[in-house]
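Going down the list, the protein sequences come from chains A and B. Residue 147, in our numbering, is where the first sequence stops; the numbers in between run on with no holes. Residue 417, in our numbering, is where the second sequence stops; the numbers in between run on with no holes. For each residue, glycine too, the CB sits at the ideal point set by N, CA and C. As structure tokens, the structure follows; a few thoughts come after it.
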Amino acid sequence: MDLKELYRDVILDHNKRPRNFGRIEPCDTHAEGHNPLCGDRLTVWLRLKDDRIEDVRFEGKGCAISTASASLMTEAVKGKDIPAVQSLYGRIHSLLTQQDAVPDASLGKLAALSGVREFPARVKCASLCWHTLNAALERSAAPVSTE
Amino acid sequence: MAVTASRIASAPALDVERVRRDFPILERSVNGRPLVYLDSAASAQRPLPVLRAVEYYETHTHANVHRGVHALSQAATEAYEGARERVRRFINAQSTREIIFVRGTTEGINLVAQAYARPRLGPGDEILITGLEHHANIVPWQMVRDQTGCTLKVAPINRRGEVELDRFLSLLSPRTRVVAIAHVSNALGTILPVKRMIDAAHAHGAVVLVDGAQAIPHSSVDVRALGCDFYAFSGHKLYGPTGIGVLYGREELLATMPPWQGGGDMIRTVSFEETTYNELPWKFEAGTPNISGVVGLAAAMDYVESLGLEAIAAHEQRLLEHATRELERIPGIEIIGTAPHKAAVLSFTMQGVHPHDLGTILDAEGVAVRTGHHCAMPVMTFFDIPATARASFGCYSTEAEVASLAAALRKAREVFT
Ligand SMILES: Cc1ncc(COP(=O)(O)O)c(C=O)c1O
Numbered sequence: 001m002d003l004k005e006l007y008r009d010v011i012l013d014h015n016k017r018p019r020n021f022g023r024i025e026p027c028d029t030h031a032e033g034h035n036p037l038c039g040d041r042l043t044v045w046l047r048l049k050d051d052r053i054e055d056v057r058f059e060g061k062g063c064a065i066s067t068a069s070a071s072l073m074t075e076a077v078k079g080k081d082i083p084a085v086q087s088l089y090g091r092i093h094s095l096l097t098q099q100d101a102v103p104d105a106s107l108g109k110l111a112a113l114s115g116v117r118e119f120p121a122r123v124k125c126a127s128l129c130w131h132t133l134n135a136a137l138e139r140s141a142a143p144v145s146t147e
Numbered sequence: 001m002a003v004t005a006s007r008i009a010s011a012p013a014l015d016v017e018r019v020r021r022d023f024p025i026l027e028r029s030v031n032g033r034p035l036v037y038l039d040s041a042a043s044a045q046r047p048l049p050v051l052r053a054v055e056y057y058e059t060h061t062h063a064n065v066h067r068g069v070h071a072l073s074q075a076a077t078e079a080y081e082g083a084r085e086r087v088r089r090f091i092n093a094q095s096t097r098e099i100i101f102v103r104g105t106t107e108g109i110n111l112v113a114q115a116y117a118r119p120r121l122g123p124g125d126e127i128l129i130t131g132l133e134h135h136a137n138i139v140p141w142q143m144v145r146d147q148t149g150c151t152l153k154v155a156p157i158n159r160r161g162e163v164e165l166d167r168f169l170s171l172l173s174p175r176t177r178v179v180a181i182a183h184v185s186n187a188l189g190t191i192l193p194v195k196r197m198i199d200a201a202h203a204h205g206a207v208v209l210v211d212g213a214q215a216i217p218h219s220s221v222d223v224r225a226l227g228c229d230f231y232a233f234s235g236h237k238l239y240g241p242t243g244i245g246v247l248y249g250r251e252e253l254l255a256t257m258p259p260w261q262g263g264g265d266m267i268r269t270v271s272f273e274e275t276t277y278n279e280l281p282w283k284f285e286a287g288t289p290n291i292s293g294v295v296g297l298a299a300a301m302d303y304v305e306s307l308g309l310e311a312i313a314a315h316e317q318r319l320l321e322h323a324t325r326e327l328e329r330i331p332g333i334e335i336i337g338t339a340p341h342k343a344a345v346l347s348f349t350m351q352g353v354h355p356h357d358l359g360t361i362l363d364a365e366g367v368a369v370r371t372g373h374h375c376a377m378p379v380m381t382f383f384d385i386p387a388t389a390r391a392s393f394g395c396y397s398t399e400a401e402v403a404s405l406a407a408a409l410r411k412a413r414e415v416f417t
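This is the structure:
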């Protein structure tokens, strides 16, 4: 178990200075995620244009892994259309959970999260923001959404 | 159960190195480091006498209890009922009829909530708990509130993590029917002045349940001296097995309560028209019980008494004071829960490092602490923190382990600065 694999410089940096931190008001959709095991809580705010994420921000309290993961996620998905985000979501999921997954170049800085899979107790921390983003997107797609 | 200086001085010292040899698990390593187990408040490890008692039972004695004339069934029944007498002596109950075997503290509290409170309470009645409670002593009462329309009141805590006694006393009234309080807080280690609280509650005619999960391993508990009506605890916090616990209830009250689960063992006669119930304590023990768990629990009680509960308490108290001083010297550490009377639990945060990250870094050093809300979310909300890291001590904990904890915490600071 190598802590340096988990707490890479990119992770520590994004934990200390999270990017896109804050709210978007008014937003098109937002969702709140909660990991009751460790108390991590975060909200993801989105502004959409057609099916493109024009702006994304997050706010919350969490451990270094969940904060850095959310910060990296916002950088990665801003400007992307929803199918591209969904494909990224799938690749991140494999990266976090499959022992032999090799981060492909398209992941960019998100590859820094590959150390997490050695720490099974922490996978949920890294994936919370992605589940929350997904919930926000699903909500915006729901026909009866009041957002 | 406050451990006073004179008690520390007079208690015979614990030979911790010898004690540690009784716990095989302490020899293992974790992540390439010797295990430093500082999570006994979540679950304590088991000593050889407990493991051997369970093994002996499984290899020589096992059969179902109370239902056979054959030799094994009789031996198993003797072991099971003998353990009940062991428990009675351990907490000084009047009678074995007052000792009900349950899965743990949680089940004990739920039993009282459903079989004592639910049939009796209604709108206008009140249940009083404190702001320090474990979820196991909150949620069962919320369920009763929702089932009966009664009111649930909460006595607040202060910044030191103590129940505000004045507020507790002022919340008592003739409407208070049930008071449910922790003996020791699992999240902060605070020892509550339960005797005073019980006496005050009784003066208003309320019935008192004490959640003893965290007190039972650190002090001798005398339910008659306390005067509580119910006392619940778990075997696994007392160096015994998981899946077994005890609910003590005053016979007078248990006798008036309906059974809460139906099945075998809790009946005397059954026909399709009507069933007559067994007597105490079996009325509350439906189905085949956790016999080997009960045997292990009795062995655990023998074990802690052989060490001496006063000696254990004194050892842990010295360690708690030592650890508090050591951690206070580490920059950025804030100790959460600073009551003068605490038991074997040290909850803390480190500025700039989330408890969850602390837990992972400590684990990489072989140091096992609990991080999270400790099933006491309202306590976390009160202190406005998402979680704490919690080190907790047992009879086998050492100063060297405190030193490993302190070293690992300094390392965590390095990783994050
Ligand atoms: C104060 C307190 N009450 C209740 C419980 C619940 O005990 P169990 O999970 O063994 O039922 C615990 C265990 O964490 C506790 O510390």
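Checklist line | Expected contact under 8 Å - CB spacing of Q317 (chain B) and A286 (chain B) to nearest Å | finding: Within the second sequence, residue 317 (chain B) is the residue found at index 317, counting from 1. Within the second sequence, residue 286 (chain B) is the residue found at index 286, counting from 1. Going by Cβ atoms, the distance from Q317 (chain B) to A286 (chain B) rounds to 41 Å, so no, they are not a contact pair.
Check: Can you find a CB in chain B that lies within less than 7 Å of the CB of A64 (chain A)?
Finding: Within the first sequence, the letter at position 64 stands for residue 64 (chain A). A64 (chain A) counts as touching chain B.
Next item on the list: With a threshold of 6 Å, establish whether the CB of T29 (chain A) neighbours any heavy atom of ligand 1.
Entry: Indexing the first sequence from 1 puts residue 29 (chain A) at position 29. No, ligand 1 has no heavy atom inside 6 Å of this Cβ.
Next item on the list: Jot down the residue ranges of each uninterrupted alpha helix (DSSP H) in the region 76 to 102 of chain A, minimum 4 residues, whole runs only, in chain order.
Entry: 82 to 97
Notebook entry, point to check: Interface residues of chain B around C38 (chain A) at Cβ under 9 Å?
Noted result: Here residue 38 (chain A) corresponds to residue number 38 of the first sequence, with the count starting at 1. Result: H354, P355, H356, G359, T371, G372, H373, P386, A387.
Notebook entry, point to check: Given a limit of 8 Å on CB to CB distance, which residues of the region 389 to 415 of chain B reach chain A?
Noted result: The region 389 to 415 of chain B vs chain A, Cβ under 8 Å: V415.
Next item on the list: Grab me the residues of S145 (chain A)'s own chain with a C-beta within less than 8 Å of its C-beta, minus the 5 sequence neighbours each way, in chain order.
Entry: As a working mapping, residue 145 (chain A) is identified with position 145 in the first sequence. Residue placement at S145 (chain A) is flagged as unreliable, the pLDDT there being 34, under the threshold of 50; the coordinate-derived value follows with that caveat. Take S145 (chain A), set aside five residues on each side of it, and the residues of its chain with a beta-carbon closer than 8 Å to its own are T29, R139, in chain order.
Notebook entry, point to check: Can the beta-carbon of V16 (chain B) be found less than 7 Å from the beta-carbon of T256 (chain B)?
Noted result: Indexing the second sequence from 1 puts residue 16 (chain B) at position 16. Indexing the second sequence from 1 puts residue 256 (chain B) at position 256. Judged by their CB atoms, V16 (chain B) and T256 (chain B) are not nearer to each other than the 7 Å cut-off.
Next item on the list: Determine, using beta carbons only, whether L46 (chain A) comes closer than 7 Å to chain B.
Entry: Numbered from 1 along the first sequence, position 46 holds the residue referred to as residue 46 (chain A). Answer no: the Cβ-Cβ gap between L46 (chain A) and chain B never drops below 7 Å.
Item checked: Within-7 Å CB hit, K61 (chain A) to chain B -> Reading the first sequence from its first residue, position 61 is the one you call residue 61 (chain A). Yes, K61 (chain A) lies at the interface with chain B (some Cβ there is under 7 Å from its Cβ).
Check: Near S94 (chain A), which residues of its chain fall below 8 Å by C-beta distance, leaving aside the five closest residues on each side in sequence?
Finding: As a position in the first sequence, residue 94 (chain A) is number 94, starting the count at 1. Around S94 (chain A): A101.
Check: Rounded to whole angstroms, how far is the Cβ of W141 (chain B) from the Cβ of L152 (chain B), which I believe are closer than 8 Å?
Finding: In the second sequence, counting from the first residue as 1, residue 141 (chain B) sits at position 141. In the second sequence, counting from the first residue as 1, residue 152 (chain B) sits at position 152. Between L152 (chain B) and W141 (chain B) the Cβ distance is about 5 Å, and since that is below 8 Å, they are a contact.
Item checked: Chain-order list of residues whose beta-carbon lies under 7 Å from that of V54 (chain B) (same chain, five-residue window excluded) -> The sequence position of residue 54 (chain B) within the second sequence is 54, counting from 1. Answer for V54 (chain B): P241, S292, V295, G296, listed in chain order.
Notebook entry, point to check: If you count every other CB in all the chains shown that lies within 10 Å of the CB of L405 (chain B), and 16 or more means buried, which is it?
Noted result: As a working mapping, residue 405 (chain B) is identified with position 405 in the second sequence. Per the 10 Å Cβ criterion, buried.
Next item on the list: Please list the partners that F58 (chain A) has in chain B, where partner means a Cβ-to-Cβ separation under 8 Å.
Entry: Numbered from 1 along the first sequence, position 58 holds the residue referred to as residue 58 (chain A). Under the 8 Å cutoff, chain B gives no residues; its nearest Cβ is about 16 Å from F58 (chain A).
Item checked: Outcome for A2 (chain B) when other beta-carbon atoms lying within 10 angstroms are tallied against a minimum of 16 -> Stepping through the second sequence from its first residue, residue 2 (chain B) is reached at position 2. Reliability of the predicted coordinates at A2 (chain B) is poor, the pLDDT of 47 falling under 50, and the value obtained from them is presented with this limitation in mind. Flag for A2 (chain B) reads exposed.
Notebook entry, point to check: Looking at the unbroken beta strand (DSSP E) that takes in T275 (chain B), where does it start and where does it end?
Noted result: Working through the second sequence from its first residue, we reach residue 275 (chain B) at position 275. Taken as a continuous stretch (DSSP letters only), the beta strand (DSSP E) holding T275 (chain B) covers 275 to 277.
Note to self: Strictly under 7 Å for the Cβ-Cβ distance: is A364 (chain B) near chain A by that measure?
What the structure shows: Taking the second sequence and counting its residues from 1, one reaches residue 364 (chain B) at position 364. Chain A, which has a Cβ nearer than 7 Å to the Cβ of A364 (chain B), makes this yes.
Item checked: DSSP beta-bridge partners of I336 (chain B) -> Here residue 336 (chain B) refers to the residue found at position 336 of the second sequence. For I336 (chain B), which the question treats as bridged, DSSP gives the partners B:S347.
Margin query: Here's the rule I'm using: 16 or more other beta-carbon atoms within 10 Å means buried, otherwise exposed. How should I25 (chain B) be labelled?
Written below: Start at 1 with the first residue of the second sequence, and residue 25 (chain B) comes out as number 25. So I25 (chain B) counts as exposed.
Next item on the list: Kindly indicate which three-state DSSP category W260 (chain B) falls into: helix, strand or coil?
Entry: The residue given as residue 260 (chain B) occupies position 260 in the second sequence. Here W260 (chain B) sits in coil by DSSP.
Next item on the list: May I ask you to report which of helix, strand or coil DSSP gives T371 (chain B)?
Entry: Locating residue 371 (chain B) in the second sequence gives position 371, where the first residue counts as 1. Note: T371 (chain B) maps to strand in three-state DSSP.
Item checked: Distance cut-off 6 Å: T61 (chain B) Cβ against heavy atoms of ligand 1 -> Working through the second sequence from its first residue, we reach residue 61 (chain B) at position 61. Outside the cutoff, so no.
Next item on the list: With 7 Å as the threshold, decide whether the Cβ of T417 (chain B) is near any Cβ in chain A.
Entry: Stepping through the second sequence from its first residue, residue 417 (chain B) is reached at position 417. So, not an interface residue.
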